[in-house]
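Residue numbers (the numbering used here), protein chains in the order written: chain X, 1 to 322; chain A, 323 to 584.
Yeah, the Cβ is synthetic: ideal placement off N, Cα and C, and Gly gets one too.
Structure follows, in structure tokens:
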């Protein structure tokens with residue numbers, strides 16, 4: 001039996017603005033998505049900002065009611081049996097909020113241990129074990145207001161694991177963490193799944209999803225536009241190539257000309273500070289590098305490289321098509 | 323059961339420490355001691371100058387009423403500040419039973435309210451040279467505790483709005499104004515217009531203030547017992563309204579996403 005079962009899940013928000021002339025706006029954040037996650041699986045939910053990832057997670061952790069459709073976690077309906085769901089899940093979100101600043105890290109963990117009904121005699125050893133796991137041993141008696149963002153994020157992880165949840169929801173957990181901290185976080189998450197914990201992860205970092213996830217669903221505009229293993233998603237664009245060209249002048253007015261080259265499927269620009277990286281995706285048959293260089297004639301160019309598509313390329317392509 | 327008791331006592335105290343941002347000497351002493359003494363002195367001297375009431379009248383009225391500072395604001399903070407720390411979602415996503423979770427937060431507030439009242443009573447009596455009969459002190463302390471309890475009930479009802487709106491401090495200020503005007507703090511309830519007297523009967527503090535004044539005037543505990551009972555009953559009713567509102571707004575937050583959109 002799947003641990004998470006989502007069927008035709010929809011969530012609509014209604015916002016009202018204005019005082020005298022109230023205007024009402026309906027936004028369909030999630031539009032009938034369906035997916036399943038198996039026991040011990042690490043399932044990634046990828047999508048741009050506003051795609052519906054967090055709304056989906058909030059419905060699964062019982063903070064929001066679906067407008068229609070259904071969702072079950074460990075066989076319990078998120079609408080009808082919220083308390084049963086809450087007992088068995090952990091929820092961690094990114095950023096430096098969501099902690100009691102005036103309390104020490106230890107008191108934060110003690111408080112949430114009480115909320116999750118961790119027996120008093122088990123709290124001490126469990127908290128000690130988690131502090132060790134997230135590398136906060138020795139800092140636990142300091143107030144959280146003095147913690148760095150990375151320390152806060154690690155404390156979040158410890159908090160989410162206090163009651164040994166069967167399912168852990170991680171909503172962009174590595175946002176704002178330095179590379180070393182993010183790597184440690186990935187190791188921690190990977191070790192959880194090896195112990196049988198089911199994890200649903202949302203992230204913007206493709207390498208993170210590629211490294212960690214067993215399966216991924218790409219969500220855009222409230223719809224799942226693709227689902228599969230990272231390898232399967234990459235294979236969707238595996239027939240093509242990616243040409244990367246470093247440009248030292250502004251590339252802006254040449255973009256349309258590059259897009260018009262036969263065989264070019266998409267063009268993106270990544271700002272690198274003193275230069276820009278033009279990323280040109282092509283279909284299998286096309287050899288477009290000379291044509292692209294021709295369109296950029298007169299600009300100061302740096303490195304030119306051709307490479308195989310990555311998960312990020314697959315993601316960009318999928319979101320672009322959505 | 324044990325889990326609920328731990329959430330009520332330990333959880334309540336922890337969230338009070340975590341969320342009541344006034345718990346620093348630089349805010350605590352001026353807010354709970356200096357300001358209240360000035361309020362007391364102001365009304366006592368106005369009363370003296372106008373020749374309408376003695377110092378004891380103002381001392382009792384203000385000492386009891388000043389419990390409303392923590393009872394309204396601390397109660398509002400310990401629920402409303404969950405929004406600012408963005409812990410409200412985590413709290414509501416936890417399986418903890420809501421009754422001990424929120425009622426536990428009221429317990430330190432009751433103690434805080436009582437402490438402020440008692441301190442103002444003692445310091446005020448010393449400053450204004452008001453003599454309170456020794457026999458009256460024990461029942462008086464009990465009345466102060468009951469008043470802190472009933473006012474916290476009102477505070478809980480007001481704080482419950484934090485699950486629906488961003489700001490509860492404005493409402494707390496208005497409620498404080500209502501209490502000081504309607505409850506016989508500085509003007510006897512009997513001197514108020516009839517409609518205000520009717521409102522006073524359903525507000526916390528009114529019966530408690532009357533009971534406290536009668537005790538200082540020499541009444542026995544048995545004589546003021548009906549007033550104390552009514553005061554406690556009003557606290558229970560407001561507390562129940564507060565809990566019902568918390569349950570309602572939590573359900574609404576799931577339905578209308580008000581935690582995100584309020």
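- The beta carbon of residue 163 (chain X) is closer than 8 Å to those of 87, 90, 113, 116, 117, 118 in its chain, skipping five residues each way along the sequence.
- In this structure, residue 480 (chain A) keeps its C-beta atom at 9 Å or more from the C-beta atom of residue 501 (chain A).
- DSSP places residue 97 (chain X) in no alpha helix (DSSP H); its state is neither H nor E.
- In the DSSP assignment, residue 289 (chain X) falls within the alpha helix (DSSP H) that extends over 289 to 295.
- CA-CA distance, residue 140 (chain X) to residue 130 (chain X), rounds to 11 Å.
- In the displayed model, residue 147 (chain X) falls within coil according to three-state DSSP, outside both helix and strand.
- Comparing alpha-carbon positions, the option among A:566, A:358, A:524 lying closest to residue 435 (chain A) turns out to be A:358.
- Excluding residues up to 5 positions away in sequence, 29, 30, 219, 222 lie with their Cβ nearer than 7 Å to the Cβ of residue 52 (chain X) in the same chain.
- A Cβ of chain X is located within less than 9 Å of the beta carbon of residue 414 (chain A).
- Rounded to whole angstroms, the separation of the alpha carbons of residue 156 (chain X) and residue 424 (chain A) is 23 Å.
- The bridge partners DSSP lists for residue 268 (chain X) are X:279.
- Short of 6 Å from the beta carbon of residue 472 (chain A), and not among the five residues preceding or following it, lie these beta carbons of its own chain, in chain order: 526, 553, 556, 557.
- Under the 9 Å criterion on CB atoms, residue 112 (chain X) is classed as interfacial with respect to chain A.
- At a beta-carbon threshold of 7 Å, none of the residues of chain X lie near residue 435 (chain A); the nearest stands roughly 21 Å away.
- DSSP places residue 37 (chain X) in the strand class (E or B) of the three-state scheme.
- Between the stretch 189 to 201 of chain X and the stretch 24 to 43 of chain X there are three or more C-beta pairs closer than 8 Å, enough to call the two in contact.
- Residue state for residue 244 (chain X) is assigned as strand, using DSSP reduced to three classes.
- If you look at residue 302 (chain X), you'll find it in the beta strand (DSSP E) that goes 301 to 307.
- Taking 8 Å as the upper bound on Cβ-Cβ separation, chain X lies near residues 336, 337, 339, 340, 341, 343, 345 of the stretch 335 to 354 of chain A.
- Scanning its chain for C-beta atoms nearer than 8 Å, with the 5 sequence neighbours on each side dropped, one finds around residue 110 (chain X) the residues 123, 127, in chain order.
- The beta carbon of residue 423 (chain A) falls within 9 Å of a beta carbon belonging to chain X, placing the residue at that interface.
- Annotation: residue 215 (chain X) to residue 229 (chain X) spans about 4 Å, alpha carbon to alpha carbon.
- Note on the stretch 16 to 89 of chain X: whole beta strand (DSSP E) runs with a minimum of 3 residues are 23 to 37, 42 to 46, 68 to 73, in chain order.
- The beta carbon of residue 120 (chain X) falls within 9 Å of a beta carbon belonging to chain A, placing the residue at that interface.
- Closest option to residue 346 (chain A), judged by alpha-carbon separation, among X:49, X:264, X:102: X:102.
- Not a single C-beta of chain X is nearer than 9 Å to the C-beta of residue 485 (chain A).
- Shown here, residue 490 (chain A) sits in coil according to DSSP, grouped into three states, outside any helix or strand.
- For residue 201 (chain X), the secondary structure class from DSSP, reduced to helix, strand or coil, is strand.
- Under DSSP, residue 474 (chain A) shares a beta bridge with no residue.
- At a cut-off of 9 Å, the C-beta of residue 107 (chain X) has a neighbouring C-beta in chain A.
- Counting the other Cβ atoms within 10 Å of the Cβ of residue 21 (chain X) gives fewer than 16, which makes it exposed.
- The three-state reading of DSSP puts residue 443 (chain A) in helix, counting H, G and I together.
- For residue 188 (chain X), the secondary structure class from DSSP, reduced to helix, strand or coil, is helix.
- Against chain A, a Cβ distance below 8 Å from residue 116 (chain X) picks out 416, 417, 418.
- Contact of residue 357 (chain A) with chain X by beta-carbon distance below 7 Å is absent, the smallest such distance being about 22 Å.
- DSSP places residue 542 (chain A) outside both helix and strand once states are collapsed to three, so it counts as coil.
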